[in-house]
Amino acid sequence: MANLIAAAGFFVLIHLLVSGTRMRDGLVARLGAGPYMGLFSLVSVLGLVWLGFAFGEARTSSWNTAYWAPGSTTRGAQLLFQLLALLLIFPGLTTPNPTSVRQEGALQRPDVVKGMLRITRHPFLWGVAIWALGHLLVNGEWASLILFGSMFALAVFGTLSIDAKRKRALGPEWDAFVAQTSNVPFAAILSGRQKLNLEEVGWWRVLVATLLWAGIAWSHQLLFGVPAIPS
Numbered sequence: 255m256a257n258l259i260a261a262a263g264f265f266v267l268i269h270l271l272v273s274g275t276r277m278r279d280g281l282v283a284r285l286g287a288g289p290y291m292g293l294f295s296l297v298s299v300l301g302l303v304w305l306g307f308a309f310g311e312a313r314t315s316s317w318n319t320a321y322w323a324p325g326s327t328t329r330g331a332q333l334l335f336q337l338l339a340l341l342l343i344f345p346g347l348t349t350p351n352p353t354s355v356r357q358e359g360a361l362q363r364p365d366v367v368k369g370m371l372r373i374t375r376h377p378f379l380w381g382v383a384i385w386a387l388g389h390l391l392v393n394g395e396w397a398s399l400i401l402f403g404s405m406f407a408l409a410v411f412g413t414l415s416i417d418a419k420r421k422r423a424l425g426p427e428w429d430a431f432v433a434q435t436s437n438v439p440f441a442a443i444l445s446g447r448q449k450l451n452l453e454e455v456g457w458w459r460v461l462v463a464t465l466l467w468a469g470i471a472w473s474h475q476l477l478f479g480v481p482a483i484p485s
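Letter by letter, the sequence shown follows residues 255 to 485 of my numbering.
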């Protein structure tokens with residue numbers, strides 16, 4: 255358990271205590287933006303590999319007690335969660351977004367708030383949060399609670415970290431963007447600040463995300479040793 259907790263803690267903390275804080279600003283000023291990004295990316299990959307190996311080891315440990323087991327209802331809900339997650343993740347990754355790495359310049363576009371950004375300014379991270387939450391529904395053992403719980407926390411608090419980082423760097427431009435959008439999905443639409451426009455999202459993005467969801471669900475047992483589709 256100690257190794258998995260250490261790996262999860264390391265991966266979460268380098269993002270929340272370094273990437274989105276004034277410590278990052280100081281490191282960028284000292285190292286330069288390019289070297290900092292390269293170093294941080296390397297450390298992140300190493301942390302993710304450590305987390306993966308620690309999780310694999312923990313799943314077969316004697317302490318890995320299960321507190322609940324998946325049923326047909328939770329398996330069905332998990333499939334829907336993963337579809338929703340991918341409908342946020344893939345369109346979010348392929349939509350110009352000033353919250354994304356090195357895309358701050360998107361703020362200069364007069365039509366920057368469109369498509370997925372009408373729904374949330376952090377579609378990728380909210381997709382990861384829903385992905386993690388769905389996996390928690392069907393994985394009730396300690397190892398999964400640590401892994402997916404840490405990913406959920408990182409995604410949710412990561413949205414706040416990015417907002418703070420962009421506000422420091424972009425000032426009034428960022429404030430204007432925030433006024434038109436929402437962190438929480440659909441909050442700007444429900445408040446009347448935005449309108450849902452699926453055509454702007456792009457039907458091709460929706461189709462690709464759905465195909466990815468179907469492919470991962472079908473091959474989940476082959477890839478991860480656990481079936482995703484209820485039998």
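Yeah, the Cβ is synthetic: ideal placement off N, Cα and C, and Gly gets one too. As the structure is a prediction and not an experimental result, all values here were calculated from the model.
In the DSSP annotation of this structure, residue 365 is not part of any alpha helix (DSSP H), being labelled neither H nor E.
Using a 10 angstroms sphere on the CB of residue 431, the tally of other CB atoms reaches 16 or more, which defines it as buried. A residue is called buried once 16 or more other Cβ atoms fall within 10 Å of its Cβ, and residue 321, having fewer, is exposed. Within the same chain, 261, 264, 265 come within 8 Å of residue 304 by CB-CB distance, once the 5 residues on both sides are set aside. Annotation for residue 281: 290 place their beta carbon closer than 7 Å to its own, counting only its chain and skipping 5 residues before and after. Rounded to whole angstroms, residue 351 and residue 369 show a C-alpha spacing of 10 Å.
With fewer than 16 other CB atoms across the displayed protein chains lying within 10 angstroms of its CB, residue 323 is exposed.
Closest in alpha carbon position to residue 359, among 476, 481, 427, 439, is 427.
Residues of the same chain with a CB within less than 7 Å of the CB of residue 407, apart from the 5 flanking positions on each side, are 266 in chain order. Closest option to residue 275, judged by alpha-carbon separation, among 438, 415, 445, 339: 415. Taking the Cα positions, residue 326 is about 34 Å away from residue 436. In the DSSP assignment, the residues bridged to residue 395 are 320. In the same chain as residue 405, and ignoring 5 residues on each side of it, the C-beta atoms closer than 7 Å to its own belong to 382, 386, in chain order. The alpha carbon of residue 371 has as its nearest neighbour, out of 258, 403, 353, the alpha carbon of 353.
Uninterrupted alpha helix (DSSP H) stretches at least 4 residues long and entirely within the region 382–461 occur at 396–424, 426–434, 441–444, 452–455, given in chain order.
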